[in-house]
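Each step along the sequence shown adds one to the number in our numbering, with nothing skipped, and position 34 is 34.
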Amino acid sequence: MLKVAHILLWANYAGTERSIFNHCRFSQKTQPFVLVLSEGDVIRDFKKHGIPIYLTPGFPPGYGIVNEERAISLLKKADLINLRTVYYKDPLYRMFKKIGVPFVITINGFSKFPPLECPIICTSSAVREIQEPTNYCTTILNGVDLTMFAFRPKPCTEKIVLTRVCRPDRCASYFWPALQKVLNTTQNTELWIVGEEGESTDRIKFFGIRKHDEIPDILAKTDIFVYVPHPQKGTVDNSVLEAMAMGTPCVVSNVECIRDVVTHLKEGILVPYGDGEALVEGVTRLIENVSLRQKLGENGLQTAREKFDIVDVIRKYEEFYFSVL
């Protein structure tokens with residue numbers, strides 16, 4: 001089998017780390033292993049699932065690998081290297097060229113890369129559009145683990161749960177006054193915040209940072225997923241895919257990391273970025289309209305199953321690997 005080395009720059013519970021984790025778990029035609037350049041809790045999860053992972057000391061200023069000899073010796077065992085990164089890192093690129101092993105770069109952020117000699121995988125349509133025309137690029141959107149994020153019927157209660165799952169910096173600040181207005185003007189509504197610490201109240205519950213396998217239980221009790229990511233930040237958003245896979249309708253900002261996933265009034269409601277009143281109106285509309293809520297949730301579930309199954313996504317990666325060798 002083709003040995004593929006995945007480079008993990010950070011070992012936090014975030015989208016890039018999750019993508020590599022799923023890539024290793026669901027590979028069919030490749031034998032993956034991971035080189036991680038910093039310590040973190042994710043390493044334990046890789047080892048728990050029997051995924052070979054090797055720690056090399058991380059980055060000092062200037063992004064130079066401390067233990068470069070060990071990193072190179074490990075990478076030379078691979079038939080192909082896949083570097084998943086948000087930004088272009090010239091020291092890594094030059095190191096990979098020196099090693100001599102074929103490599104690809106997967107862009108997990110909204111950033112334009114310079115002209116490169118290696119193939120590039122873009123994880124959103126918008127990222128593909130901003131790349132240099134001379135670069136050899138393909139687009140493979142992110143996917144969702146449908147076994148972990150499996151649909152469950154929503155509990156029959158009068159309470160309406162609105163949930164946001166993200167790091168605080170990923171969501172625009174106008175989220176808070178908008179959602180506070182929603183709470184003030186509706187009854188039996190609660191706001192659940194996952195990924196951020198805070199002081200809970202009767203109507204707002206902070207869950208803090210949770211492990212990935214704890215998120216499905218929260219989404220199973222969620223009626224509406226609410227999230228307003230910034231423009232030109234990130235690629236296809238995993239948290240939105242996970243909500244859709246659980247049959248949860250979304251109210252989200254109309255930005256690049258969302259448009260590949262959510263169509264307005266099909267899987268959710270798209271609101272203009274920066275428009276707090278539109279956000280209030282979109283969330284309130286779904287609170288008051290049960291049939292629309294159910295329709296969007298069902299459509300989102302179908303879209304996640306048909307277009308974003310992680311098994312199909314990994315198959316596309318493997319086909320691309322073999323095509324560039």
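We treat Cβ as the ideally placed atom computed from N, Cα and C, and that holds for glycine.
In whole angstroms, what is the alpha-carbon distance linking Pro133 and Gly297?
Taking the straight line from one Cα to the other gives about 38 Å.
Which residue comes first and which comes last in the beta strand (DSSP E) that contains Cys137?
Residues 137 to 139.
Same chain, Cβ closer than 7 Å to Thr157, neighbours up to 5 away in sequence not counted
When the five nearest sequence neighbours on each side are left out, no beta carbon in the same chain lies closer than 7 Å to the beta carbon of Thr157.
Would Gln131 be called buried (16 or more neighbouring beta carbons within 10 Å of its own) or exposed?
Buried, because 16 or more other Cβ atoms sit within 10 Å of the Cβ of Gln131.
N- and C-terminal bounds of the alpha helix (DSSP H) containing Ser239:
Where Ser239 is concerned, the enclosing alpha helix (DSSP H) stretches over 238 to 245.
Same chain, Cβ closer than 6 Å to Leu9, neighbours up to 5 away in sequence not counted
Here Leu9 has Leu37 as same chain residues with Cβ atoms under 6 Å from its own Cβ, once five neighbours each way along the sequence are excluded.
Going by DSSP in three states, His212 sits in which element: helix, strand or coil?
Look at His212 here: in three-state DSSP terms it is helix.
Given a threshold of 16 other Cβ atoms within 10 Å of its Cβ, counted over all protein chains shown, does Glu17 qualify as buried or as exposed?
Buried is the call here.
Please state the DSSP three-state secondary structure of Ile105.
In this structure, DSSP gives Ile105 an extended state, which the three-state scheme calls strand.
Does DSSP classify Ile53 as helix, strand or coil?
Reduced to three states, the DSSP call for Ile53 is strand.
Taking Cβ to Cβ, would you say Phe308 is nearer than 8 Å to Gly143?
It is a contact, given that the beta carbons lie within the stated cut-off.
Would you check if the distance between the CB atom of Ile99 and the CB atom of Ile72 is smaller than 8 Å?
Ile72 sits close to Ile99, with the two beta carbons spaced by under 8 Å.
Give the range of the alpha helix (DSSP H) segment to which Trp176 is assigned.
Unbroken alpha helix (DSSP H) run through Trp176: 175 to 185.
At what residues does the beta strand (DSSP E) containing Asn82 begin and finish?
It spans 80 to 85 - the beta strand (DSSP E) in which Asn82 sits, taken as one unbroken run.
Span of the beta strand (DSSP E) holding His6?
His6 -> beta strand (DSSP E) spans 2 to 8.
Within the continuous alpha helix (DSSP H) that includes Glu298, where are the two ends?
Glu298 -> alpha helix (DSSP H) spans 290 to 307.
Is it a yes or a no for the segment 219 to 234 touching the segment 243 to 260, going by three-plus beta-carbon pairs under 8 Å?
Contact holds between the segment 219 to 234 and the segment 243 to 260, because three or more Cβ pairs, one in each stretch, are under 8 Å apart.
Three-state secondary structure (DSSP) at Leu75?
Three-state result, Leu75: helix.
Are Ile287 and Ile140 touching if we call contact CB-CB under 8 Å?
Not in contact: Ile287 and Ile140 (Cβ atoms no closer than 8 Å).
Using the three-state DSSP reduction, which class does Glu319 fall into: helix, strand or coil?
Residue state, collapsed to three classes: helix.
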